[in-house]
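J.:
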Amino acid sequence: MDKNFAAKNLIPLVLKERPLRVEAIDGKPLSCPHITHDTVDVCMKTGVLHQETIRFQIIESPSCPVVLGFPWLTEHNPVVDWVQRDIKCWGQSCQSKCLGTVNVIGSLNIATAPPLSTEVPECYLALKEVFSKARTEVLPPHRPYDCAIDLLPGTMPPRGHVYPLSQRENDIMEEYIRENLERGFIRRSSSPAGAGFFFVSKKEGDLRPCIDYRGLNRITIRNAYPIPLITELFDRLKRARVYTKLDLRGAYNLVRVKKGDEWKTAFNTRSGHYEYLVMPFGLCNAPAVFQDLINDTLREFLQEFVIVYLDDILIYSPDVDTHHVHVKQVLKKLLKAGLYCKLEKCLFDIVTVQFLGYIITPGGFQMDPKKLSAILDWPLPQGLKAIQRFLGFTNYYRRFIKDFSALVAPLTAMTKKGVGNQKWTPQATQAFEALKQAFTTAPVLRHPDPALPFQVEVDASELGLGAVLSQREAPDKPLHPCGFYSRKLSPAEKNYDIGNRELLAVIAALAEWRYLLEGSKDPIVIITDHKNLTYIGDAKRLNSRQARWSLFLSSFNFVLTYRPGSRNIKADALSRQYESYEHNIQDQHPIVPQERIIAATTISVSSPLMKRLQNVQGAAPGGKPPARLFVPENEREEVLNIYHDNKTSGHMGITKTVSSISKLLWWPTLRRDVKDYIAVCEVCTRQKSPKTAPIGLLQPLPIPERPWSHVAMDFIVELPESRGNTVILTIIDRFSKMGHYVPLRKLPSAAELVPIFIANVVRIHGVPLEIVSDRGTQFISGFWRGFCKNVGIDLSFSSAYHPQTNGAAERANQNIEKYLRCFISEQQDNWSDLLPWAEYALNSAVSESTGHSPFFAVYGFDPPVLPATFPDTTIPALDEQLASLKETWGKVRRALEESSAIQKTKADRHRRQAPVYQVGDRVWLSSRNIKLLVPS
């Protein structure tokens, strides 16, 4: 197998005990005369059903990545069709060994089998006890590294509820409790604390017990034990040639909870109350505690030949013999400390290893290609939106890319108006690939530094997930990306609601960069455009999926921050890169089923009209487009009828009708004639909403001369009951904008309204000259009209279905509702108590129309915000008071005139002059607010 092919496909290599000399068939030496490495066992699938486990020897052969030699051909004896380049059948020995029921299609597909160890290597057999599973099921002793759970002062772990369990879950829970009581991992508890106990489903269908420690984690003081710096770790690997990777079994259960803190881990079940003696999963300080333990256990080797990052242990050496000595020393230390390895997840004596997101080889280390796939696998954008999305993403990092503007120019040109759908040019494709390559190399993508805070931006679309991992070297430095992540959603994940998809993006990002983020001393800032995610830590009820995610999240120190989607461009672009690709590969199908099609808008070429048009083409004027028929004036009415009034035409608008006609026909005044025809079409006028500006310029109400001479009134109804009241009567002075707000038990009749009006207006301000109101039954009744006529009040009513006429009262209603929403109780039953304060606040606020507060406009001074701030004042002389008030009223009137003029100018921009109507003219009446006897 070619060396580069193995590296590209991440196939681990093993150092040969003795190099093997190799030469060409003619005896000439190859560029690499010795084979020094083999692959681990890989599963090779050839054809549809043939598969085997095979170990390749590594050579340099880029033209032939995989060579199957004569011994292999002899063993399998395939019958090959050299014309079709296909294997027709296999030899007799393959019938029992290699042929199965594997459903794989392809001519040759090599997949790496997990290089897992099933037996302890011979050179380490003397230490096989360190791989014992039974030893991990015994209660470990107390150590200086026990897990302490220190709480914030004055706090107490919350007591959760007992989760309901199915019969199957209850049986498994009972077995779990029994086993862990026997092991001594838990004991019965009388603790006042108690977290919830529930199950989550594993992928294999099994159930895993979980404890909801979210409440405990919120009040736990974080352990700030430092996490190693990755770049410093890798500096020690320069002379390494062979590696071993160890994985610890039941790591957290090998650590005791600090004596006296066990009660804080208590959890509730239907069978009783229990607490942990060993460190359970889900505690926020578990990563830091375990890092402290493993560091001290292997401290004497850390600077020599061991790297430890949380529960990952890597042993490295310059040669095989030295390596065996190093591995034995580490295994002895682990055994002495009571830490045990999981044999099936350990790798021994290999020369290529994946560790902490990097591929480590004797030649150095590089970022795992899988970590760059989010950028390198970005499909060619299809359509203007996809191109703009990619450019928006790259623009965030333009400062890190040399000659960015020149590099991106061919792509920018494709977004200009009129060329968004042009085909990709070689220059644009080259720019697209060059930009992707720039993102995967320095200085754009930098190595992460665990000593600096991390920021993770996440997003989920309907088709994919996206995330960006970034860091800032200093507060005044720009954000530098450390990694990009994206993937398509599975069919099941596409069915998640938006909240669960966005949470899945958080989980996927944390899982992708777990080796960097778990145990972070600084809170990880996670930015999402889904605001509800910021409350995930307070959720009372979780389904099994959310519970599993919640347990995973408890290992991280993070803060969720909301950012609107319009500003979350980087992660959004990564999550949506699959959209254009997905839409392109879907099979095309007609939107309208064939059986639903009634007719097509066409004119038969043999129709009488077409024959007549063909006969007059000699009279066509200059400028006629090619392949179109000229329509003389006497035939245009019929053409317009066919293309506009016909059932298959649908009374479309000007542009669509012109477009339909222009496909086949033409005349010089086509657009003007279509416009005139549609303007007088009775069906269009009757059935379609007008697109023109409303008729009539703004006609402001007359401006009053003094306060409370002109009043506006309205009701706010159907409010939640407050001290028996359900209605508010709003009374507004149109001059000063002062308001009175009266709580009422119900909507009053006209007879009941009169004494309310006298008590709240006439008694305080005198009799007004005019009242503006809507056409409610109280205001148009004979009783109210008679009262107003007797006391000299003119009545003005707003137009039907046009509340803008009574704009002062309508705006006051909006303001009072806004105030009450800010201060009302959760039961919404205290609004009547708040009305006096609302009236005080609104009458004290400066009006935009007058430039003064209503209080000042009426009384000549502003009230204090709080009673305690009342200034000491003396009563001025009467003539001074009157002069002051007249001056104030003059200022208010001038401000109202200016405000009214400005409002009229703004309103008239969106209106048009009304025609002069005469009595007897026929006009169209809008049916929007009229109940008709016919269905709408």
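The UniProt record's numbering applies: residue 1 is where the sequence shown begins, and numbers increase by one. Where a beta carbon is used, it is the ideal one built from N, C-alpha and C, also for glycine. Please read these numbers as outputs of a predicted model, since none were measured by experiment.
Taking Cβ to Cβ, would you say S736 is nearer than 8 Å to V916?
T.: Result no, Cβ atoms of S736 and V916 do not sit closer than 8 Å.
J.: Would a C-beta distance cut-off of 8 Å place F198 and Y252 closer than the cut-off?
T.: No, these two residues do not count as a Cβ contact at 8 Å.
J.: Could you check whether K245 and L347 sit closer than 8 Å to each other, using their CB atoms as the reference points?
T.: Yes, the pair counts as a contact, with Cβ atoms nearer than the cut-off.
J.: Please give the ranges of any alpha helix (DSSP H) in the stretch 150-233, keeping only runs that are unbroken, at least 4 residues long and fully inside the region.
T.: Segments of the alpha helix (DSSP H) lying fully in the stretch 150-233: 167-183 and 214-218.
J.: Check whether the Cβ atoms of K333 and L298 lie closer than 8 Å to each other.
T.: Taking 8 Å as the Cβ cut-off, K333 and L298 qualify as a contacting pair.
J.: Let me check understanding here. Comparing Cα to Cα, which of A750, A712 and P748 lies closest to R734?
T.: Nearest C-alpha to R734: A712.
J.: Along the chain, where does the alpha helix (DSSP H) that runs through D247 open and close?
T.: Here D247 belongs to no alpha helix (DSSP H); instead the beta strand (DSSP E) covers V242 to D247.
J.: Looking at K436 and G464, is the spacing between their C-beta atoms short of 8 Å?
T.: Contact flag unset, no.
J.: What span of residues does the alpha helix (DSSP H) with D794 cover, start to end?
T.: No alpha helix (DSSP H) contains D794, which is instead part of the beta strand (DSSP E) from D794 to F797.
J.: CB A195 to CB I211, shorter than 8 Å?
T.: In contact: A195 and I211 (Cβ atoms closer than 8 Å).
J.: So V257 and C147 are in contact, right, with Cβ under 8 Å, and what is the actual spacing, rounded?
T.: Between C147 and V257 the Cβ distance is about 5 Å, and since that is below 8 Å, they are a contact.
J.: Roughly how many angstroms separate the alpha carbons of V278 and S520, rounded to a whole number?
T.: So the two alpha carbons sit approximately 23 Å from each other.
J.: Using DSSP bridges, identify the partner residues of Q57.
T.: According to DSSP, which records beta bridges pairwise, Q57 is partnered with D38.
J.: How long is the line joining the alpha carbons of V559 and I219, rounded to whole angstroms?
T.: Going from the Cα of V559 to the Cα of I219 covers about 15 Å.
J.: For I816, does the three-state DSSP call read helix, strand or coil?
T.: In this structure, I816 counts as helix in the three-state DSSP scheme.
J.: Could you check the C-alpha separation between S486 and I678 for me, to the nearest Å?
T.: If I take the Cα positions, the gap works out to 52 Å.
J.: Could you pull out every unbroken alpha helix (DSSP H) segment of at least 4 residues lying fully inside the stretch 65-91, listed in chain order?
T.: Correct list: 70-76.
J.: Got a sec? Which residues, its chain only, sit under 6 Å from V791 by beta carbon, not counting five neighbours each side?
T.: These residues qualify, in order along the chain: V767.
J.: Please name the residue in L411, L339 and K656 whose C-alpha comes closest to that of A434.
T.: If we check each option's Cα against that of A434, L411 comes out closest.
J.: Let me confirm a value: C822 is counted as buried when at least 16 other C-beta atoms fall within 10 Å, else exposed. Which label applies?
T.: Classification for C822: exposed.
J.: Output the boundary residues of the alpha helix (DSSP H) element that contains L20.
T.: Counting along the chain, L20 falls outside any alpha helix (DSSP H), though it belongs to the beta strand (DSSP E) covering L13 to E23.
J.: Do A809 and D714 have their CB atoms nearer than 8 Å?
T.: The answer is yes: Cβ separation under 8 Å.
J.: Which parts of the stretch 459-543 are runs of the alpha helix (DSSP H), unbroken and 4 residues or longer, counting only runs that do not cross its ends?
T.: Those alpha helix (DSSP H) runs which fall completely within the stretch 459-543 and span 4+ residues are 498-512 and 514-517.
J.: Return the CA-CA distance between V40 and K531, expressed in angstroms with no decimal places.
T.: Taking the straight line from one Cα to the other gives about 48 Å.
J.: Would you check if there are 3 or more beta carbon pairs closer than 8 Å linking the stretch 489-499 to the stretch 548-564?
T.: The stretch 489-499 vs the stretch 548-564: no contact.
J.: Does DSSP classify R775 as helix, strand or coil?
T.: Residue state, collapsed to three classes: coil.
J.: When the Cα atoms are used, what is the spatial distance from E17 to H323?
T.: If I take the Cα positions, the gap works out to 13 Å.
J.: At the level of alpha carbons, what is the spacing between R241 and A413?
T.: Cα to Cα, the separation comes out at about 50 Å.
J.: Is it true that the stretch 175-192 meets the stretch 472-485, where meeting means three or more beta-carbon pairs spaced less than 8 Å apart?
T.: No, they do not touch.
J.: From which residue to which residue does the beta strand (DSSP E) around D349 run?
T.: Start and end: L347 to I350.
J.: With a threshold of 8 Å, are at least 3 pairs of Cβ atoms found where one atom belongs to the stretch 769-786 and the other to the stretch 741-756?
T.: Segments in contact, yes.
J.: Where does V605 fall in DSSP's three states?
T.: In this prediction, V605 scores a pLDDT of 46, lower than 50, which makes its location untrustworthy; no coordinate-derived value is stated.
J.: Taking contact to mean 3 or more Cβ pairs, one atom from each stretch, closer than 8 Å, check whether the stretch 495-503 and the stretch 467-478 are in contact.
T.: Counting Cβ pairs under 8 Å, fewer than three are found: no touch.
J.: Would you mind giving the Cβ-Cβ distance between S722 and N830, rounded to the nearest angstrom? I have them listed as a contact below 8 Å.
T.: At roughly 6 Å, the Cβ-Cβ gap stays under 8 Å, so S722 and N830 are in contact.
J.: Looking at C-beta atoms only, is the number of pairs between the stretch 162-179 and the stretch 262-271 that lie closer than 8 Å three or more?
T.: Yes: at least three Cβ pairs fall under 8 Å.
J.: Taking the beta carbon of Y840 as the centre, do at least 16 other beta carbons fall within 10 Å, making it buried, or is it exposed?
T.: Burial call: exposed.
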